[in-house]
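J.: Submitted below is the structure of interest, expressed as structure tokens.
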Amino acid sequence: MVSRLFNILGRSFRILVSVAATIVVLFSFGWVIARPMIRADRLNADQVQITVLHWGEKNEDEILARLVSDFESLPENHDIRVLRTNLGQLAAVNTKLQTMFAAGDPTDVFYLSYEKVADFASKDLLADIDQLIENDQANDTPTIDLKDVFPAALEAYRYDKESGEVGRGRLIALPKDFTTVGFYYNKDLFEQAGLPEPSADGWTWDAFVHAARTIAKLPGCYGADFATWESMTRIFLWSHGVDFADPTWKVLKLDDPSMQAALDKLRGWFHDEERTLVSAKTQLETGQEPFLAGNVGMAGPFGRWKAPTYRLIENFDWDFAPFPHAAGHASVNGVFTTGWAIAEGSKHKSQSWRFIKYLSSPRAQELMCRAGLAIPILQSVANGPAFSDPSLKPSNFQVFLDAADHARPIIWPADPKYLHQLRVRLEDIFKLNKPVAPAMQHVERGWKDIQAADRSSGSFPRMPWGMVITYLALPVLLGIVIGLTLWWRRRPRGLAFQEEVAGYGMIGPWVVGFIAFTAFPIILSLLLAFTRWNGMTTLEHAEWTGLENLATLWGSDGTFKRSLLVTAWYALLAVPTSQVVALLAAMLMNYEFKSIGFFRATWYLPSVLAGVGMAVMWKWVFHHEHGLVRAWVDPLLPFGLTSPSWFEKDAGTWAVPAFVIVNLWAIGGTMMIYLAGLKGIPKDLYEAAEIDGAVGWQRFSNVTLPMLSPIVFFNVIIAVIASFQIFTQAYVMTGGGPGDATRFFVIYLYNQAFDFHDMGYASLLAWVLLLIILALTLLLMWASKKFVHYEALKS
Amino acid sequence: MRLTRSKIFAFACLVAGSIVMIFPFWWMVVTSLSTPAEASASASASGFNWWPSDAQWSNYPDALRRMGSKPWIGFLDALTNTVVITTLVVIGQVFSCSLVGYAFARLRFRGRGVAFGLMVATMMLPVQVTLIPMFIMFRSFGWIDTMLPLVVPAFFGAPFYIFMFRQFFSQVPESLIEAARIDGCSHVRIWVQIMLPICKPVIAITTIFTFIFAWNDFMGPLIYLQSEEQMTLAVALNSFQNQYGDFRDAHYLMAASIVTMIPCIILFLVAQKQFVSGLSLGAVKG
Amino acid sequence: MASVTLDRVYKTYSGSDHPAVNDVSIEIADREFLVLVGPSGCGKSTTLRMVAGLEDIDQGSIKIGDRVVNNVAPKDRDIAMVFQNYALYPHMTVYKNMSFGLRMRKVPKPDIDRRVRQAAEMLGIEHLLDRKPKALSGGERQRVAVGRAIVRTPQAFLFDEPLSNLDARLRIQTRAELKRLHRKLQTTTIYVTHDQEEAMTLGDRIVIMKDGHVHQCASPHEVYNRPANRFVAGFIGMPPMNFFEGQLAQHEGKLVFDTGHGLLDLPSGAENLLRDRAGQSLVYGARPELLSIGSQGDAGGSSCLTMTVSVIEVLGNEKDVYLTLPSSQQVVARIAADVPADEGAEVRVFIETARAHIFEAGQSGANLTARVAR
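Residue numbers (my numbering), protein chains in the order written: chain A, 198 to 992; chain B, 125 to 410; chain C, 14 to 387.
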């Protein structure tokens, strides 16, 4: 009776699902097809649409939404419509820009992060703002008054083509706002610790660390939350009168002992002292706000962007202190800014320019100002009431402006590879507590290699595509002609021929697909492996570098070796554990309980859900402060042990195992395959074994395992291949870091292709992956002769 | 059924394992229904609830509304894109793989063995090798930022499913085909009117696994789709994570994640048998 | 070598409402070859598997020798089994297959080797010792399965339909060999089959089962000539016994059987036993070899019926003639091949009633003439 009821429920559920699915599918097709027509219609005949790409949290998002609607509402702008896209994070926008440039179809207007200035400007991708201003002046059109803009902010967007220097030359973007940095501090904690509040005129690092240590002694408190992004670290060095290199980046100073000492001092504050400094962040993480919890004395070096979030704090009083300076050195600061850039390839330059002008106008700047994210670019606005509203915290807002006087633009080399190297090694130092000197040496070596590679760039001949095609195509064509002739002459007669023609016709789709999506790409990929090409321009610009890429790979690419190690280590852990657990699970599932169907479903479900959603969830599970593991496992651990900080300071040992655990959670599919295999073992084999006297382990090793061996073999090969290709989880959860702790091979490949714009090198990496997988597969096949009993398969 | 010690132990393991499997997901659901304060607390040791005291079902529409830059449009765009792409991919795969699989199984033509072997070999190819050239190719067609690069290749067959169809069709009795030929069917008609109807189990399996793959595909849309209007749910969720990754927004993030996973769950509940049989077909013949 | 005793054994499978094995008691003497036979679902395999220990016993007891083995694990019962599908370990060579059980019991290697080779020689498979099962023919595999059992020198052999996967000729050949083997090894054997011919040729005694019950347990001769009931009578013997439903009647002062198509004399000695059953519905059974065919003109006796010839199957020396009664009931007669009979002809069929049987009505109606001396 009950089972009848379940049947009916099941049936009606299925019907419901089918109906719902059909509706959704029809609706979706309708939506997608009608979409271009509906949205295009919204533009009137005389209207132009400009696309705007940016990043930002909800505050920033809302500000921009308001600005856009304000812009569109102005009568003089009725011929422009703005289509805005917010990708959430800086890295995502930069990646998207790369691909858009490569496709030759960039957005009209976009956020330009200051570290990308040289990169994009050197490739002629940005419109010349100076020129646009000059055009306006020639036509008597109202335009931006550059003199009102904070010079420090403006300089960050000048680029000199000949020398490749940032800081002078033509203006290629306009700052949207900027900020200097300092430390937010918790007034209540300072009072509790009996410390005087830091003076708005400046204070020393000694005073800073003293305050941090004092507050750390308060129960349950931390001294300070110190963000060690490369730019913050750089200003830290500046405040000690040292730097990574000279301002033009021609002379490296990575071996400067006083520079290393400064870095080591900071490292020591993190790792050699308890609770003085909290976990160091190297990315713009939005998952953390220790300061908000109220048990952290200070937070920084942050700019004004934190103010809106902090204004929501209700449980304690806070304010803003200047960036400390080292005793005996002057106060310095850095300009953190994002700019608005217009794509040189934009088809709507004048409309985009009008939008930019609006954004830089006092009206828009005042609007932005009220939201309080940063300092407006116009000094008039900054000194006006919108910015200096005394009812808005922080009370010490003047500190920002004062710092602007001695703020320098933070300029990095054009090639993003440099910054990436530095970032990774700084993560090593601050997150993984590795010693400073070797890390800096590592950076130096890496930078020297990049320099050498850069110098040789441009000196390579263009890839002779014409010649290549001829050399390749001729033999292939010849082969095809010969093949076709032979085939025609030897063809069978009559019905067999008809069948043959039908056969070729029916496998046609696969053949075409194979040639277009497999054979051709593989050959092209192989050719690309010997070139240098940034992917943002057309193929003709690819340079033939011969075996140069190979030489780099073999000789000087430390990250490559590291990523191989990380991936191999992951495979070594993940494959055996997953197979053993899956097999054990399958054996459990083989019991004949009534409810076994339920268990099979619950164990199998996770593997069906793999994707971004799951990765997001696991990121939270492993979070070192708010994660599920921390909350549930820690209380159970004896002797006061705590679970590791998987992706933070313990990442060196525990990051890869974390991914192994994630992999274990999704073994449902493998388990089902083993279950099918177990069920395929004839029952009377087990009975014969029972009579023969083999039980327990003997039965398993003499009957079960040999009969399962073809399936084990199949699963192991699939698992090995899959583990070498791990990407989505790592990309979503860690991005490859910290340091290179989770820089799996395909992540590194992706970095090379889409972050460093080196398609040629990335192609070489892809081929290395292919060869590794091939080698492993052949190895496994050879080994299988020993342990796989194919007789187990029915003939 | 005797309750032996081993059976009790096995049952206990099953229960424990199920808890481990389901618990993170359960935690997600709870978080998705919590108020912001509860959400951030639920992640810490003290504040975990088995069910939120005040289930905020409104979190779901709130989260979906915030996806993308325009309220609701962002989510609807992503959803419809994903549905369309997945549907087209499934259709394309079923047709092309059954067609090619049938040809490999029952039609005799020279070079069949070589072609089949070649196809099997390509199953081991890591997708990354063809990634960049395919990108260049699609770029030259002008297909970037459309769904074409994701959909079109599905109509040219995928080795794994071709292999499955071929195995299945190999076991169809020759007499069935011979009878059809005597009745006057061309090979294509045989495929349409006889083969397709009887290979329903394999079609079901192909549909299901292709659906799961296409629905959750991340790397493809990440590379080929750019504008917000064209994004799929996977990419939109990743952006959403970047925007709303603060632990105080955990409830929105979890709600959005769960919504993207619902179709797969439903499919699983409805078609469990096919999932299981699909796996065994793939492995045991592999 | 040991006796095997089943005492009032019951077994019901969960989810089923009738027992698979219903109050079965059998005593198998030491060195005896006992065959369990019956239609599928009768419980013979289940009974065998309970002796092996592969199935639990709900009620009753099983003894091997003097030991009650109800709760003893299969490997400790000292029995060996030959499965229907042979159950050879596909990944092991014939040698390894045969030696597996001995290896599990930690028999010293030289002993293993000797015993395996001995068994192999006995079965004529020495040349196959290094091959894997996949490379063997069906008959060869079957021998390996037997060899695996022999090597163990158990107290009893259990055979579960071992010949059913062989083709007809091989089956007959192997049957003879099994018999020879039994004579040589003298081990108690329990053999399950659904083929009554196999049962008749192999068994010292046959146990005929249906629906979980034992219908008769006796020697082949006994079972053939004195079947306990209608089911046994119809099961044993090919072509099967002819049954005529009818009643006892008085005719010319003596008791006869009225089939509705004619009268038949009672089997010898039956008159006394059946006197008080006059008027009851009973069943008259006569094996095909008791029927003979005469032509229209032959002198009529009281034990003949008129039938129409429908199909004749020539077997060589004899032929089976299928006839139909006016009621469309089919009857088979086995006669010498040279006796004339034409398809479609109406003939008179004579029955040698002395050796016929009378059964109670019903599928398993008891044989009322069983005790008559024959």
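Backbone N, C-alpha and C define an ideal beta-carbon position, used for all residues, glycine too.
None of these values were measured; they are calculated from a predicted model.
Against chain A, does residue 388 of chain B count as a neighbour if the rule is that its beta carbon must be under 8 Å from one of theirs?
T.: Residue 388 of chain B counts as touching chain A.
J.: By Cβ distance below 8 Å, which residues in the same chain neighbour residue 946 of chain A in space, the five residues on each side in sequence not counted?
T.: The answer, listed in chain order, is 959, 962, 963, 966.
J.: Report the neighbours of residue 211 of chain A on chain B: residues whose CB is nearer than 8 Å to its CB, in chain order.
T.: Within chain B, the residues near residue 211 of chain A are 394.
J.: Whose CA, out of B:222, B:195, B:395, B:271, lies closest to the CA of residue 318 of chain B?
T.: Measuring from the Cα of residue 318 of chain B, the nearest candidate turns out to be B:222.
J.: With which residues is residue 361 of chain A paired in a DSSP beta bridge?
T.: Looking at the DSSP assignment, residue 361 of chain A forms no beta bridge with any residue, so it has no partner.
J.: Going by Cα to Cα distance, which pick from B:394, B:386, B:344 is closest to residue 296 of chain A?
T.: If we check each option's Cα against that of residue 296 of chain A, B:344 comes out closest.
J.: Tell me whether the stretch 190 to 209 of chain C and the stretch 42 to 52 of chain C touch, counting them as touching only if at least three CB pairs, one residue from each stretch, are closer than 8 Å.
T.: The stretch 190 to 209 of chain C is in contact with the stretch 42 to 52 of chain C.
J.: Quick check on the DSSP output: what are the complete beta strand (DSSP E) runs of length 3 or more inside the stretch 66 to 134 of chain C, in order along the chain?
T.: Those beta strand (DSSP E) runs which fall completely within the stretch 66 to 134 of chain C and span 3+ residues are 72 to 77, 92 to 95.
J.: To which residues of the same chain is residue 138 of chain C closer than 8 Å at the C-beta, ignoring the five residues directly before and after it?
T.: Answer for residue 138 of chain C: 107, 153, 156, 157, 160, listed in chain order.
J.: Looking at chain A, is there any beta carbon in it that lies within less than 8 Å of the beta carbon of residue 331 of chain B?
T.: So no, residue 331 of chain B is outside the interface.
J.: Return the residue from the list C:285, C:342, C:282 that minimises the CA-CA distance to residue 258 of chain C.
T.: Among C:285, C:342, C:282, the Cα nearest to that of residue 258 of chain C is on C:342.
J.: Mapping the DSSP letters down to three states, classify residue 310 of chain A as helix, strand or coil.
T.: In this structure, residue 310 of chain A counts as strand in the three-state DSSP scheme.
J.: Under 8 Å between beta-carbons, which chain C residues line up against residue 879 of chain A? List them in chain order, please.
T.: Per Cβ cutoff of 8 Å: 98, 100.
J.: Between the C-alpha atoms of residue 206 of chain A and residue 216 of chain A, what's the straight-line distance to the nearest angstrom?
T.: So the two alpha carbons sit approximately 15 Å from each other.
J.: For residue 226 of chain B, which residues in chain A fall below 8 Å Cβ to Cβ?
T.: Ordered by position in chain A, the residues that pass the 8 Å Cβ test against residue 226 of chain B are 703.
J.: Beta-carbon within less than 6 Å of residue 245 of chain C's beta-carbon, same chain only, minus the 5 sequence neighbours each way: which residues are those?
T.: Once the five neighbours on either side are set aside, the close Cβ partners of residue 245 of chain C are 221, 228, 229.
J.: In this structure, how does DSSP classify residue 491 of chain A when only helix, strand and coil are distinguished?
T.: The answer is coil: DSSP assigns residue 491 of chain A none of H, G, I, E or B.
J.: Smallest Cα separation from residue 846 of chain A: which of A:539, A:935, A:926?
T.: Checked all of A:539, A:935, A:926; the closest Cα to residue 846 of chain A is A:935.
J.: Do the stretch 925 to 939 of chain A and the stretch 891 to 900 of chain A meet, that is, are 3 or more Cβ pairs less than 8 Å apart?
T.: No, the stretch 925 to 939 of chain A does not touch the stretch 891 to 900 of chain A.
J.: Return helix, strand or coil for residue 931 of chain A, following the three-state DSSP convention.
T.: DSSP places residue 931 of chain A in coil when its eight states are reduced to three.
J.: Could you compute how far the alpha carbon of residue 279 of chain B sits from the alpha carbon of residue 356 of chain B?
T.: Distance between the alpha carbons of residue 279 of chain B and residue 356 of chain B is about 20 Å.
J.: Using a Cβ-Cβ distance cut-off of 8 Å, determine whether residue 986 of chain A contacts chain C.
T.: Yes, because at least one Cβ of chain C sits closer than 8 Å to the Cβ of residue 986 of chain A.
J.: Reducing DSSP to helix, strand and coil, say where residue 254 of chain C ends up.
T.: Three-state DSSP puts residue 254 of chain C in coil, outside helix and strand.
J.: Taking all protein chains shown into account, do 16 or more other C-beta atoms lie within 10 angstroms of the C-beta of residue 580 of chain A, making it buried, or fewer, making it exposed?
T.: Answer is exposed; the Cβ neighbour count stays below 16.
J.: Give a yes or no on whether the minimum CB-CB distance between residue 157 of chain B and chain A is below 8 Å.
T.: No - not a single Cβ of chain A is within 8 Å of the one on residue 157 of chain B.
J.: With 8 Å as the threshold, decide whether the Cβ of residue 907 of chain A is near any Cβ in chain C.
T.: Chain C contact via Cβ: absent.
J.: How big is the Cα-Cα spacing for residue 596 of chain A and residue 305 of chain A?
T.: For residue 596 of chain A and residue 305 of chain A, the distance between alpha carbons rounds to 36 Å.
J.: Does any CB atom of chain A fall closer than 8 Å to the CB of residue 280 of chain B?
T.: For residue 280 of chain B, the answer is yes, since a Cβ of chain A falls inside 8 Å of its Cβ.
J.: Where do the ends of the beta strand (DSSP E) carrying residue 380 of chain C lie?
T.: No beta strand (DSSP E) contains residue 380 of chain C, which DSSP labels as neither H nor E.
J.: If distances are taken between C-alpha atoms only, which option among A:824, A:353, A:719 comes closest to residue 366 of chain A?
T.: Residue A:353 is the option with its Cα nearest to residue 366 of chain A.
J.: Under 8 Å, do residue 395 of chain A and residue 518 of chain A count as touching if we go by C-beta distance?
T.: Taking 8 Å as the Cβ cut-off, residue 395 of chain A and residue 518 of chain A qualify as a contacting pair.
J.: Have a look at residue 973 of chain A and residue 816 of chain A and give me their C-alpha separation to the nearest angstrom.
T.: The alpha-carbon atoms of residue 973 of chain A and residue 816 of chain A are separated by roughly 31 Å.
J.: Any beta carbon from chain A within less than 8 Å of residue 191 of chain B's own beta carbon?
T.: No - not a single Cβ of chain A is within 8 Å of the one on residue 191 of chain B.
J.: Between the stretch 277 to 295 of chain A and chain B, which residues of the former have CB atoms less than 7 Å from a CB of the latter, in chain order?
T.: Listed by position along the chain: 281, 282, 283, 284, 285, 286, 289, 293.
J.: Here's the rule: buried if 16 or more other CB atoms are within 10 angstroms of the residue's CB, otherwise exposed. What is residue 321 of chain A?
T.: When all chains shown are included, residue 321 of chain A counts as exposed.
J.: With 16 other CB atoms within 10 Å as the buried threshold, where does residue 591 of chain A fall?
T.: With 16 or more Cβ atoms within 10 Å of its Cβ, residue 591 of chain A is classed as buried.
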